[in-house]
Amino acid sequence: MHIRDIAFGITDWSAVTPTEHLGETGLARWRTCQFGEVRVRMVEYSPGYLADHWCRKGHVLLCLEGELHTELEDGRVFVLRPGMSYQVADDAEAHRSFTEQGARLFVVD
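Now the structure itself:
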């Protein structure tokens, strides 16, 4: 990721209208801002959320609340708790997320 041509700014995430994305089970609410080529999101997963696809997009993801389980296509599973993050490159390792109790995340991609 190369961040360029973005002036200093402040985002009030509570003022960003959420969009809803159904999972295989549960619901994801995204509050999304686009800054040039950089997408930044505040994401909330409902309890019982399971992604409906394998994602191949690169991300830097920080868990703010709850607990997030991320499964890689090869079967490995990682658990993020508040204050933990992961990073993965575009087309590097397919992954999908699920949460039993719900989670709130900050994602840059």
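Mapping to this note's numbering: the sequence shown position 71 is 53, numbers consecutive. Every residue, glycine too, gets a C-beta built ideally from N, C-alpha and C. Since the model is a prediction, treat every value here as computed from it, not as a measurement.
Alpha helix (DSSP H) runs contained entirely in the region -17 to 14, provided each spans 4 or more residues: none
Proximity of Thr81 and Leu50 at Cβ, strictly below 7 Å: yes
Bridge-paired residues (DSSP) for Gln16: Arg21
Proximal residues to Val22 (C-beta, below 6 Å), its chain only, five neighbours per side dropped: Cys15 and Val90
Nearest-angstrom beta carbon gap, Ser67 and Leu44 [assumed within contact, 8 Å]: 4 Å
Proximity to Arg86 [Cα-Cα], best of Gln69, Glu47, His41 and Ser79: Glu47
Residue environment, Ser79, which counts as buried when at least 16 other CB atoms sit within 10 Å: buried
Bridge partners - Ser79, DSSP secondary structure assignment: Thr52
Beta-carbon contacts of Asp72 that lie in its chain and below 8 Å, excluding the five residues immediately before and after: Arg38, Lys39 and Gly40
Beta carbon of Val42 nearer than 7 Å to that of Gln69: yes
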